[in-house]
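As numbered in this note's numbering, residues 175 to 241 make up the sequence shown, in order. Glycine residues also receive a C-beta, built at the ideal position from the N, C-alpha and C atoms. One structure is given below, encoded as structure tokens.
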Amino acid sequence: MQMIELKEEIKADIEKLVEEINKYNEEIENAIIEMIEYKEKLTNECQELKNKKALKLKNIYQIINDK
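What follows is the structure in structure tokens.
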């Protein structure tokens, strides 16, 4: 009888651990998704800044060459 109770207790503990692991895995997945989205946002902002800088340089060279 004690062996059966012990097995059930161990099974319940394992199920709790699996639930916790799944919860943490979901949190990790969400954090990774957020980081990827943030990286994409920063990449886009960086590209916009590069484009603006290139346009300014183009305008400066054009002004210099027009003189």
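State the Cα-Cα distance for the pair residue i and residue j, rounded to the nearest angstrom.
{"i": "Lys215", "j": "Glu203", "result": "18 Å"}
{"i": "Asn225", "j": "Val192", "result": "49 Å"}
{"i": "Tyr235", "j": "Lys227", "result": "12 Å"}
{"i": "Lys185", "j": "Glu179", "result": "10 Å"}
{"i": "Tyr198", "j": "Ala205", "result": "10 Å"}
Leaving out five residues on either side along the sequence, give the residues of the same chain with a beta carbon under 7 Å from the beta carbon of residue i.
{"i": "Glu222", "result": "none"}
Grab me the residues of residue i's own chain with a C-beta within less than 8 Å of its C-beta, minus the 5 sequence neighbours each way, in chain order.
{"i": "Lys121", "result": "Within the shown structure, residues of the chain are numbered from 175 to 241, placing residue 121 beyond reach of any answer."}
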